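Engineer: Sharing a structure, written as C-alpha coordinates. Questions coming.
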(Lines of atoms letter the chains of each structure in order from A and count residues from 1; the text may use other names and numbers.)
(Lines give C-alpha, C1' and ligand atoms only; values in the text may rest on other atoms or scores of the structure.)
Protein backbone atom coordinates (compact mmCIF):
# COMPACT_ATOMS: atom_id res chain seq x y z
CA UNK A 1 0.00 0.00 0.00
CA UNK A 2 1.38 3.33 -0.94
CA UNK A 3 1.36 5.99 1.75
CA UNK A 4 -0.71 9.03 0.89
CA UNK A 5 2.09 11.29 2.00
CA UNK A 6 4.46 9.91 -0.57
CA UNK A 7 1.95 10.01 -3.38
CA UNK A 8 2.91 12.31 -6.21
CA UNK A 9 0.54 15.19 -5.97
CA UNK A 10 2.27 17.41 -8.45
CA UNK A 11 -0.76 17.44 -10.58
CA UNK A 12 -2.74 18.95 -7.70
CA UNK A 13 -0.06 21.61 -6.92
CA UNK A 14 2.17 19.65 -4.64
CA UNK A 15 5.89 19.66 -5.33
CA UNK A 16 8.19 16.72 -5.04
CA UNK A 17 11.06 16.69 -2.60
CA UNK A 18 13.54 17.01 -5.45
CA UNK A 19 11.77 20.03 -6.78
CA UNK A 20 11.76 21.64 -3.34
CA UNK A 21 15.51 21.13 -3.05
CA UNK A 22 16.13 22.69 -6.41
CA UNK A 23 13.94 25.61 -5.57
CA UNK A 24 15.80 26.20 -2.31
CA UNK A 25 19.18 26.20 -4.08
CA UNK A 26 18.10 28.90 -6.47
CA UNK A 27 16.78 30.97 -3.58
CA UNK A 28 20.14 30.69 -1.80
CA UNK A 29 21.98 31.76 -4.91
CA UNK A 30 19.80 34.86 -5.12
CA UNK A 31 20.56 35.75 -1.50
CA UNK A 32 24.30 35.38 -2.12
CA UNK A 33 24.08 37.57 -5.22
CA UNK A 34 22.21 40.30 -3.35
CA UNK A 35 24.70 40.19 -0.47
CA UNK A 36 27.60 40.49 -2.85
CA UNK A 37 26.03 43.52 -4.46
CA UNK A 38 25.53 45.11 -1.03
CA UNK A 39 29.18 44.49 -0.15
CA UNK A 40 30.31 46.01 -3.45
CA UNK A 41 28.06 49.02 -2.93
CA UNK A 42 29.35 49.52 0.61
CA UNK A 43 32.93 49.38 -0.56
CA UNK A 44 32.25 51.89 -3.33
CA UNK A 45 30.12 54.41 -1.42
CA UNK A 46 31.47 53.83 2.06
CA UNK A 47 29.51 52.93 5.15
CA UNK A 48 28.19 56.49 5.49
CA UNK A 49 26.54 56.35 2.08
CA UNK A 50 28.76 58.99 0.44
CA UNK A 51 30.82 58.31 -2.62
CA UNK A 52 34.49 57.56 -2.01
CA UNK A 53 36.92 60.06 -3.52
CA UNK A 54 38.09 59.22 -6.97
CA UNK A 55 41.69 58.47 -7.60
CA UNK A 56 43.83 61.49 -8.54
CA UNK A 57 44.26 61.27 -12.27
CA UNK A 58 45.70 64.78 -12.74
CA UNK A 59 48.86 64.67 -14.84
CA UNK A 60 52.11 65.56 -13.03
CA UNK A 61 52.79 68.51 -15.35
CA UNK A 62 49.43 70.16 -14.53
CA UNK A 63 50.00 69.65 -10.79
CA UNK A 64 53.42 71.26 -11.00
CA UNK A 65 51.98 74.25 -12.86
CA UNK A 66 49.49 74.85 -10.03
CA UNK A 67 52.10 74.86 -7.27
CA UNK A 68 53.92 78.09 -6.17
CA UNK A 69 57.10 76.80 -7.80
CA UNK A 70 55.27 76.24 -11.06
CA UNK A 71 53.70 79.70 -10.91
CA UNK A 72 57.07 81.28 -10.15
CA UNK A 73 58.64 79.46 -13.09
CA UNK A 74 55.91 80.71 -15.38
CA UNK A 75 56.44 84.26 -14.01
CA UNK A 76 60.16 83.94 -14.73
CA UNK A 77 59.40 82.83 -18.28
CA UNK A 78 57.07 85.79 -18.80
CA UNK A 79 59.65 88.21 -17.35
CA UNK A 80 62.33 86.76 -19.64
CA UNK A 81 60.06 87.24 -22.64
CA UNK A 82 59.39 90.87 -21.63
CA UNK A 83 63.10 91.60 -21.26
CA UNK A 84 62.89 92.22 -17.48
CA UNK A 85 64.62 90.20 -14.76
CA UNK A 86 62.42 88.09 -12.57
CA UNK A 87 61.72 89.41 -9.06
CA UNK A 88 62.23 85.86 -7.78
CA UNK A 89 65.80 85.82 -9.07
CA UNK A 90 66.84 89.42 -8.29
CA UNK A 91 64.97 90.00 -5.02
CA UNK A 92 63.75 93.38 -6.33
CA UNK A 93 60.32 94.58 -7.36
CA UNK A 94 60.21 96.10 -10.83
CA UNK A 95 57.92 99.18 -10.96
CA UNK A 96 55.13 99.09 -13.53
CA UNK A 97 55.81 100.56 -16.95
CA UNK A 98 55.35 104.34 -17.03
CA UNK A 99 55.91 104.83 -13.28
CA UNK A 100 58.59 107.48 -12.60
CA UNK A 101 60.57 107.29 -9.38
CA UNK A 102 60.00 110.41 -7.29
CA UNK A 103 63.04 112.62 -6.77
CA UNK A 104 63.83 113.83 -3.24
CA UNK A 105 62.75 117.40 -2.63
CA UNK A 106 65.60 119.91 -2.28
CA UNK A 107 66.39 121.17 1.23
CA UNK A 108 64.61 124.42 2.17
CA UNK A 109 66.52 127.59 1.53
CA UNK A 110 67.65 129.48 4.63
CA UNK A 111 65.65 132.55 5.49
CA UNK A 112 67.31 135.76 4.31
CA UNK A 113 69.03 137.83 6.97
CA UNK A 114 67.06 140.90 8.09
CA UNK A 115 68.11 144.16 6.47
CA UNK A 116 67.76 146.13 9.71
CA UNK A 117 68.14 145.07 13.36
CA UNK A 118 67.96 146.61 16.84
CA UNK A 119 71.10 148.45 18.08
CA UNK A 120 71.05 146.64 21.46
CA UNK A 121 69.15 144.12 23.60
CA UNK A 122 67.50 144.05 27.02
CA UNK A 123 66.99 147.78 27.36
CA UNK A 124 64.37 150.32 28.40
CA UNK A 125 63.64 153.65 26.71
CA UNK A 126 64.51 156.52 29.07
CA UNK A 127 64.33 159.50 26.73
CA UNK A 128 62.79 160.10 23.30
CA UNK A 129 63.48 162.31 20.29
CA UNK A 130 62.74 166.06 20.58
CA UNK A 131 63.39 169.00 22.84
CA UNK A 132 64.37 168.34 26.43
CA UNK A 133 65.00 171.07 28.98
CA UNK A 134 65.06 173.58 26.18
CA UNK A 135 67.68 171.65 24.21
CA UNK A 136 67.13 169.43 21.16
CA UNK A 137 67.61 165.78 21.91
CA UNK A 138 68.41 164.37 18.46
CA UNK A 139 68.16 160.68 19.29
CA UNK A 140 66.65 158.10 21.64
CA UNK A 141 68.20 156.83 24.89
CA UNK A 142 68.14 153.06 25.54
CA UNK A 143 69.32 152.26 29.09
CA UNK A 144 70.91 149.00 30.21
CA UNK A 145 73.78 147.52 32.23
CA UNK A 146 77.32 148.65 31.53
CA UNK A 147 79.00 146.38 28.98
CA UNK A 148 75.76 145.46 27.15
CA UNK A 149 76.65 144.71 23.47
CA UNK A 150 75.96 147.42 20.88
CA UNK A 151 75.26 146.36 17.26
CA UNK A 152 75.21 148.22 13.98
CA UNK A 153 71.62 148.34 12.69
CA UNK A 154 72.68 147.84 9.07
CA UNK A 155 75.80 146.97 7.08
CA UNK A 156 78.04 149.89 6.22
CA UNK A 157 81.43 151.54 6.70
CA UNK A 158 82.70 152.92 10.00
CA UNK A 159 83.08 156.70 9.62
CA UNK A 160 84.12 157.49 13.20
CA UNK A 161 85.34 155.29 16.06
CA UNK A 162 86.61 157.00 19.26
CA UNK A 163 86.06 160.01 21.45
CA UNK A 164 83.42 162.44 20.16
CA UNK A 165 82.95 165.32 22.64
CA UNK A 166 79.72 165.16 24.69
CA UNK A 167 78.93 161.75 23.13
CA UNK A 168 81.93 160.23 24.90
CA UNK A 169 83.24 157.15 23.09
CA UNK A 170 81.11 156.92 19.96
CA UNK A 171 80.79 155.11 16.63
CA UNK A 172 79.30 156.54 13.42
CA UNK A 173 78.45 154.17 10.54
CA UNK A 174 77.77 155.31 6.96
CA UNK A 175 75.11 153.05 5.34
CA UNK A 176 75.14 154.78 1.95
CA UNK A 177 72.52 156.93 0.21
CA UNK A 178 73.05 159.66 2.82
CA UNK A 179 71.99 157.49 5.77
CA UNK A 180 74.21 157.47 8.89
CA UNK A 181 73.70 156.13 12.43
CA UNK A 182 75.43 157.25 15.65
CA UNK A 183 76.06 155.19 18.83
CA UNK A 184 77.20 157.29 21.84
CA UNK A 185 78.29 157.10 25.51
CA UNK A 186 79.98 153.69 25.07
CA UNK A 187 82.38 152.19 27.59
CA UNK A 188 84.46 150.60 24.78
CA UNK A 189 84.74 150.78 20.99
CA UNK A 190 85.33 147.49 19.10
CA UNK A 191 85.83 148.74 15.50
CA UNK A 192 88.11 151.16 13.68
CA UNK A 193 87.49 153.90 11.14
CA UNK A 194 87.20 152.68 7.54
CA UNK A 195 86.21 149.15 8.61
CA UNK A 196 83.40 147.45 6.72
CA UNK A 197 80.78 146.07 9.12
CA UNK A 198 77.83 143.76 8.52
CA UNK A 199 74.27 144.01 9.78
CA UNK A 200 74.08 143.12 13.48
CA UNK A 201 77.85 143.15 14.03
CA UNK A 202 79.01 144.06 17.53
CA UNK A 203 80.73 147.45 17.41
CA UNK A 204 80.83 148.70 21.03
CA UNK A 205 79.84 148.16 24.68
CA UNK A 206 77.28 150.21 26.55
CA UNK A 207 78.64 152.78 29.05
CA UNK A 208 78.21 156.27 30.49
CA UNK A 209 81.06 158.32 28.96
CA UNK A 210 80.67 161.97 27.90
CA UNK A 211 77.66 163.98 29.05
CA UNK A 212 75.71 161.13 30.61
CA UNK A 213 73.76 160.49 33.81
CA UNK A 214 73.99 156.67 33.68
CA UNK A 215 74.85 153.74 31.43
CA UNK A 216 72.80 153.87 28.24
CA UNK A 217 73.05 153.97 24.43
CA UNK A 218 72.32 157.27 22.72
CA UNK A 219 71.17 156.26 19.22
CA UNK A 220 70.69 158.71 16.32
CA UNK A 221 69.70 158.43 12.64
CA UNK A 222 70.78 161.14 10.18
CA UNK A 223 69.55 161.68 6.62
CA UNK A 224 72.30 163.86 5.15
CA UNK A 225 72.88 166.59 7.76
CA UNK A 226 69.45 166.31 9.38
CA UNK A 227 68.64 164.08 12.37
CA UNK A 228 65.31 162.17 12.24
CA UNK A 229 63.27 160.45 14.92
CA UNK A 230 64.75 156.92 15.08
CA UNK A 231 61.57 155.25 16.42
CA UNK A 232 59.19 155.69 13.44
CA UNK A 233 62.06 155.54 10.94
CA UNK A 234 63.18 152.12 12.21
CA UNK A 235 59.57 150.93 12.52
CA UNK A 236 59.09 151.43 8.77
CA UNK A 237 62.01 149.04 8.30
CA UNK A 238 60.55 146.33 10.50
CA UNK A 239 62.33 147.20 13.77
CA UNK A 240 60.42 148.19 16.90
CA UNK A 241 62.56 150.17 19.36
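Numbering (our numbering), first residue to last: 1418 to 1658.
Glycine residues also receive a C-beta, built at the ideal position from the N, C-alpha and C atoms.
Only a predicted model underlies this, so the values are computations on that prediction, with no experimental measurement involved.
Please work out which residues of its chain come closer than 6 Å, Cβ to Cβ, to residue 1644, disregarding the five sequence neighbours upstream and downstream, and give them in chain order.
Structural biologist: So the list reads 1555 and 1637, once near-sequence residues are dropped.
Engineer: Grab me the residues of residue 1652's own chain with a C-beta within less than 8 Å of its C-beta, minus the 5 sequence neighbours each way, in chain order.
Structural biologist: Only 1658 meet the Cβ criterion.
Engineer: By a C-beta neighbour count over all protein chains shown, 10 Å radius and 16 as the cutoff for buried, is residue 1663 buried or exposed?
Structural biologist: Given a span of 1418 to 1658 for the chain in the structure shown, any question on residue 1663 remains unanswerable.
Engineer: Excluding five sequence neighbours on each side, which residues of the same chain lie with their C-beta closer than 6 Å to the C-beta of residue 1639?
Structural biologist: Only 1597 meet the Cβ criterion.
Engineer: How long is the line joining the alpha carbons of residue 1571 and residue 1542, rounded to whole angstroms?
Structural biologist: When rounded, the distance between both Cα atoms is 21 Å.
Engineer: Who are the near neighbours of residue 1620 in its chain, counting only those whose CB is closer than 7 Å to its CB and skipping five residues on each side?
Structural biologist: Hits under 7 Å: 1567, 1568, 1569, 1588, 1600, 1607, 1608 and 1614.
Engineer: Under 6 Å Cβ to Cβ from residue 1631, same chain only, skipping five residues before and after it: list those, please.
Structural biologist: Result list for residue 1631: 1625, in chain order.
Engineer: Determine, using beta carbons only, whether residue 1546 and residue 1648 come nearer to each other than 8 Å.
Structural biologist: Cβ atoms of residue 1546 and residue 1648: closer than 8 Å.
Engineer: Grouping DSSP H, G and I as helix and E and B as strand, with all else coil, what is residue 1586?
Structural biologist: In the structure shown, residue 1586 sits in a strand (DSSP, three-state: E or B).
Engineer: With a threshold of 7 Å, establish whether the CB of residue 1518 neighbours any heavy atom of the ligand FMN.
Structural biologist: The ligand FMN is not part of the structure shown, which contains no ligands of any sort.
Engineer: For residue 1611, tell me which candidate among 1579, 1539 and 1560 has the shortest Cα-Cα distance.
Structural biologist: Nearest of 1579, 1539 and 1560 to residue 1611, Cα basis: 1579.
Engineer: Just mark residue 1642 as buried or exposed, buried being the case when its beta carbon has 16 or more other beta carbons within 10 Å.
Structural biologist: It is exposed - the Cβ of residue 1642 has fewer than 16 other Cβ atoms within 10 Å.
Engineer: Take the Cβ of residue 1586 as the centre, count every other Cβ of all protein chains shown within 10 Å, and call the residue buried at 16 or more, exposed below.
Structural biologist: Burial call: buried.
Engineer: Under the three-state reduction of DSSP, which class applies to residue 1614: helix, strand or coil?
Structural biologist: Looking at residue 1614 - three-state DSSP - the assignment turns out to be strand.
Engineer: So what's residue 1644 in DSSP terms, helix, strand or just coil?
Structural biologist: If DSSP states are grouped into helix, strand and coil, residue 1644 belongs with the strands.
Engineer: Going along the chain, which residues of its own chain have a beta-carbon closer than 7 Å to the beta-carbon of residue 1534, five neighbours each way excluded?
Structural biologist: The answer, listed in chain order, is 1568, 1570, 1616, 1617 and 1656.
Engineer: Does DSSP put residue 1580 in a helix, a strand or coil?
Structural biologist: Note: residue 1580 maps to strand in three-state DSSP.
Engineer: Under 8 Å between the Cβ atoms of residue 1564 and residue 1623?
Structural biologist: Cβ atoms of residue 1564 and residue 1623: closer than 8 Å.
Engineer: What is the rounded straight-line gap between the Cα of residue 1575 and the Cα of residue 1559?
Structural biologist: So the two alpha carbons sit approximately 21 Å from each other.
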